[in-house]
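Those sequence lines, one after another, are chains A and B. So for the first sequence, this note's numbering puts the first residue at 15; every next one is plus one. So for the second sequence, this note's numbering puts the first residue at 263; every next one is plus one.
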Amino acid sequence: MTDDTQETTAPSRRALIGWGGAGLALGAVAAGGTVAMTRTGESTDDAAPAGAETGAAVPFHGAHQAGIATPVQDRLHFAAFDVTTDDRAEFVQMLKDWTEAARRMTAGHAVGEGAYGGLAEAPPDDTGEALGLKPSRLTLTIGFGPSLFDRFDLADRRPKALVDLPQFAGDNLDKNRSGGDLCVQACADDPQVAVHAIRNLARIGFGKVVIRWSQLGFGKTSSTTPDAQTPRNLMGFKDGTRNIAGTETDRLKKFVWVDSADGPEWMNGGSYLVARRIRMHIETWDRTSLQEQEDIFGRDKGEGAPVGKAKERDKPFLKAMMPDAHVRLAHPDSNHGSTILRRGYSFTDGTDGLGRLEAGLFFLAYQRDVREGFVRIQRNLATDALNEYIQHVGSALFAVPPGVRGADDWWGSTLFSKEA
Amino acid sequence: MRAARLSVVTATAAVAALTAVTGCTEKGSSEGGDRVINVTATDSKCEISKKEFPAGHVEIAIENKGSKVTEVYVLFPDDRIVTERENIGPGTKQKVTAEVKTGDYRIVCKPGMRGKGIRQAVKATGGKAVKRDPRLDKAVAAYRTYAQEQADETLPKTEAFAKAVKDGDLEAAKKAYAPSRIGWERTEPVAESFGDIDPKVDVRADGLEDGQKWTGWHRLEKALWQDKKIGGTEKTLAGQLITDLTDWQKRVGTADITPTSMANGAKELLDEVATGKVTGEEERYSHTDLVDFKANVEGAEKSYELLKPVAKENDATLVTQLDKQFAALNTLLDKYRADPSSYDFVSYDKVAEADRKKLSDAVNALAEPLSKLAAAVAK
């Protein structure tokens with residue numbers, strides 16, 4: 015829900031680069047190219063704009079995991095798991111099995127021996143509902159929660175940045191929708207592809223891990239491709255106008271990717287993910303006058319321009335906004351320059367027992383250090399006028415390891431294969 | 263009980279009935295020649311005219327020269343019944359025909375219609391014999407015995423339950439209810455393979471078809487726990503339950519059991535737990551779900567233990583996993599009873615949501631590898 019537009023950047027240069035990148039991306043996919051980004055974060059074929067080729071495959075291997083700086087897809091299935099096995103070797107084997115399945119599914123293939131044609135007496139390896147569907151830009155991104163480090167003698171490997179999130183003003187967290195030893199974020203342009211991925215990983219995980227909670231998201235609320243139209247959240251406002259783009263090497267390096275200087279070594283090239291289930295009081299919001307809605311956000315509803323400005327991407331003049339306007343409080347200038355890469359989705363889980371839409375924002379944000387990213391910004395949002403219309407009901411934090419480098423590598427190899 | 267779903271056992275039974283073996287009684291003329299086997303049964307002997315015959319249509323011509331009523335069976339090596347003839351009185355003759363595939367069989371006479379009978383090995387020749395692993399035949403035979411024992415033990419327990427109902431003794435009936443179901447729950451896939459019995463004895467209110475009369479255990483469960491009264495209808499239904507279960511007891515031996523149906527039956531028992539017991543739907547009035555839960559797991563474990571020697575050869579990792587997950591689930595279940603030798607489990611309405619999830623997680627952890635057992639014995 016944060017908005018950190020910090021300067022006017024006419025949709026000129028970056029957009030051109032973006033489109034150029036798209037051409038490269040398609041070429042790379044056609045040629046079977048796999049390397050998405052170099053170690054320094056120079057993105058190449060991850061810059062395909064949304065809608066360019068929504069059926070294509072996103073390379074699974076790379077210095078960073080896909081699903082962070084790569085273009086944001088339309089749909090989400092996010093799952094948090096708890097570990098049930100005490101056997102480290104068994105858990106590591108599951109991570110390897112997951113990696114192999116993820117490698118296949120992101121390329122648009124079925125898991126294992128497929129969904130049919132095997133032994134008639136045994137259930138097929140793959141559940142089958144994604145047969146015939148395109149890869150749909152499926153990305154699968156794994157993260158390790160703080161509680162994982164209480165297991166398998168990992169305590170001394172827990173990153174300092176993987177803090178226990180403090181209680182924030184207004185939090186009403188449901189523990190059944192919070193936390194988790196690990197998570198998998200599945201994003202795709204086809205919801206069936208995303209759900210298929212989580213379902214098959216959960217199946218492979220039975221006996222080793224259990225699903226703690228999961229969330230479906232149906233509409234992206236932020237993009238990493240600024241040349242595409244800025245998405246709107248369920249409150250009807252454009253969100254993430256100045257989000258960190260997949261092409262912004264410098265800002266990715268500064269705000270998203272963990273650097274070797276940050277430590278620990280196993281997180282080098284990784285990131286930290288904050289997931290927050292933010293319920294919106296949709297009905298009361300809808301009864302709020304347009305003026306108040308715009309005052310609360312600090313932008314106009316139609317164009318998305320900051321208060322007093324004409325265009326969405328005009329540089330906001332924060333002092334023109336109400337002191338408790340959302341954009342003002344979330345802006346990097348109000349947070350010692352901090353910014354985060356947002357990748358959230360709208361959700362609607364039907365209606366609640368009172369007939370109200372059970373809806374809101376499933377907020378996902380990636381950052382190099384949570385303490386300087388989400389924690390700082392969220393604390394500053396304590397007086398946010400928007401708080402009257404939202405409530406944080408779920409929360410989780412994960413250390414997202416670097417990417418899988420090649421066919422022999424696996425999720426979590428840097429954490430589990432070398433001892434500190 | 264599961265709402266109308268074609269179980270593997272049922273499916274195989276249907277196929278077998280169509281293609282493999284058709285047993286029927288013929289009173290008409292006999293064909294004679296090498297397709298007729300004469301069986302002469304006495305009180306101590308079971309003499310047969312030939313030990314080998316060509317596969318295909320055969321006729322068993324039985325003469326009871328003994329003093330006791332007898333019965334004659336043709337059995338597969340795993341004791342599954344190919345065909346049978348009961349109630350053959352002293353001095354009478356009967357004929358049975360069957361369509362028999364190439365392979366080994368037993369002809370069994372049971373003077374007095376009890377015991378294991380007097381056995382003769384026979385062979386149907388010609389064509390290609392289906393290769394059988396004698397260890398798997400043994401496993402199936404042992405499981406068949408187990409299924410029969412469960413039925414045999416269920417009847418007296420259900421009779422005690424029915425008696426309490428007929429006596430109008432609400433408390434005694436409530437007490438006898440859950441124990442009466444254990445044998446059935448342990449062998450449910452076999453019991454359900456007789457498609458007509460399950461809907462009579464184990465159907466729940468939500469499983470009723472339009473116009474179907476509600477009978478059986480759960481109808482009585484509702485009367486005892488929800489309505490809290492026993493009327494004439496309930497007393498009649500208690501008698502009907504015994505009749506239907508006696509039918510089951512008689513037919514258990516004819517169930518088509520194979521190594522794969524045993525393995526898949528074990529998995530189906532866990533499915534039963536996952537869809538009916540963990541949710542508290544099965545015993546929604548009595549909340550005795552954990553008794554059924556335990557019985558389902560015991561039945562699954564029985565199949566698994568019998569198949570384990572073969573499964574271990576083909577997939578040692580799977581066996582290690584299954585041993586571990588069976589143990590984990592049993593340990594978890596034991597937390598819900600004070601005495602591990604009793605079936606006195608905590609009432610399921612007292613099991614909190616978070617604890618139900620733990621049970622559900624443990625069931626999933628076991629059922630997923632269990633679904634691979636059939637492949638490990640079919641290799």
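All C-beta atoms in this analysis are idealised placements derived from N, C-alpha and C, irrespective of residue type, glycine included.
CA nearest to the CA of residue i, picked from the options
i	options	result
E346 (chain B)	B:D458, B:L621, B:E333	B:E333
Y130 (chain A)	A:E143, A:G122, A:M119	A:E143
P138 (chain A)	A:R385, A:A200, A:R217	A:R217
A70 (chain A)	A:L152, A:G351, A:T98	A:L152
G351 (chain A)	A:I391, A:I404, A:K325	A:I391
P631 (chain B)	B:N592, B:E415, B:T579	B:T579
A93 (chain A)	A:G122, A:V389, A:I156	A:I156
P346 (chain A)	A:N394, A:R301, A:E372	A:N394
V540 (chain B)	B:I459, B:T364, B:D611, B:E415	B:D611
A339 (chain A)	A:G318, A:V321, A:F311	A:F311
V572 (chain B)	B:L398, B:K372, B:L621	B:L398
L417 (chain B)	B:L635, B:L507, B:D606, B:D554	B:L507
K234 (chain A)	A:D185, A:G193, A:G159, A:T255	A:T255
A424 (chain B)	B:A467, B:K484, B:I504, B:P441	B:I504
G316 (chain A)	A:P73, A:G132, A:M249	A:M249
R165 (chain A)	A:F220, A:V97, A:G132	A:V97
P85 (chain A)	A:Q307, A:D241, A:W299	A:D241
L145 (chain A)	A:D309, A:V272, A:R118	A:R118
R618 (chain B)	B:Y598, B:T520, B:P521	B:Y598
Alpha helix (DSSP H) segment containing residue i, residue limits
i	result
H78 (chain A)	Taken as a continuous stretch (DSSP letters only), H78 (chain A) belongs to no alpha helix (DSSP H), as it is neither H nor E.
V559 (chain B)	551–576
R217 (chain A)	205–219
Three-state class that DSSP yields for residue i in the structure shown
i	result
R151 (chain A)	coil
K385 (chain B)	strand
W425 (chain A)	coil
P330 (chain A)	coil
E314 (chain B)	strand
V418 (chain A)	strand
L635 (chain B)	helix
P435 (chain A)	The question about residue 435 (chain A) has no answer, for chain A in this structure spans 15 to 434.
S161 (chain A)	helix
Q474 (chain B)	coil
I391 (chain A)	helix
Y286 (chain A)	strand
G142 (chain A)	coil
D4 (chain A)	A question about residue 4 (chain A) goes unanswered here, because the residues of chain A that appear run from 15 up to 434.
G35 (chain A)	Per-residue confidence for G35 (chain A) stands at a pLDDT of 34, beneath the threshold of 50, marking its modelled position as unreliable; no derived number is given.
L280 (chain B)	Here L280 (chain B) scores only 37 on pLDDT, less than 50, and its place in the model is too uncertain to base an answer on.
F430 (chain A)	helix
V43 (chain A)	Unreliable positioning characterises V43 (chain A) in this predicted model, as indicated by a pLDDT of 34, which lies under 50. The coordinate reading is nonetheless provided below. If DSSP states are grouped into helix, strand and coil, V43 (chain A) belongs with the helices.
Test item: CB-CB of residue i and residue j under 7 angstroms
i	j	result
R291 (chain A)	P205 (chain A)	no
S548 (chain B)	W487 (chain B)	yes
D366 (chain B)	P396 (chain B)	no
G408 (chain A)	R191 (chain A)	yes
S565 (chain B)	A528 (chain B)	yes
F331 (chain A)	G358 (chain A)	no
G351 (chain B)	V331 (chain B)	yes
A360 (chain B)	G328 (chain B)	no
Q356 (chain B)	I310 (chain B)	no
G445 (chain B)	Q410 (chain B)	no
L568 (chain B)	A453 (chain B)	no
Q381 (chain A)	I404 (chain A)	no
D554 (chain B)	E544 (chain B)	yes
G284 (chain A)	A627 (chain B)	no
R385 (chain A)	S236 (chain A)	no
Delimiting residues of the beta strand (DSSP E) encompassing residue i
i	result
N190 (chain A)	No beta strand (DSSP E) contains N190 (chain A), which DSSP labels as neither H nor E.
W227 (chain A)	223–231
R513 (chain B)	Element bounds for R513 (chain B): not the beta strand (DSSP E) but the alpha helix (DSSP H), 494–513.
Residues from the region 122–155 of chain A in contact with chain B, defined by Cβ distance under 7 angstroms: L133, E135, A136, P137
Residues of the region 512–533 of chain B whose Cβ lies closer than 8 angstroms to any Cβ of chain A, in chain order: T522, A525, N526
Where the region 606–632 of chain B meets chain A: residues whose CB sits under 7 angstroms from a CB there: D623, N626, A627, E630, P631
Positions along the region 88–105 of chain A whose CB lies within less than 8 angstroms of some CB in chain B: T98
The region 207–241 of chain A: positions lying closer than 7 angstroms to chain B by Cβ: Those residues of the region 207–241 of chain A that come within reach of chain B (Cβ to Cβ, closer than 7 angstroms) are R217, F220, G221, V224.
Within 9 angstroms of chain A by C-beta, residues of the region 544–565 of chain B in sequence order: none
Contact list for the region 577–589 of chain B against chain A, Cβ threshold 7 angstroms: Within the region 577–589 of chain B, the qualifying residues are Q583, Q587.
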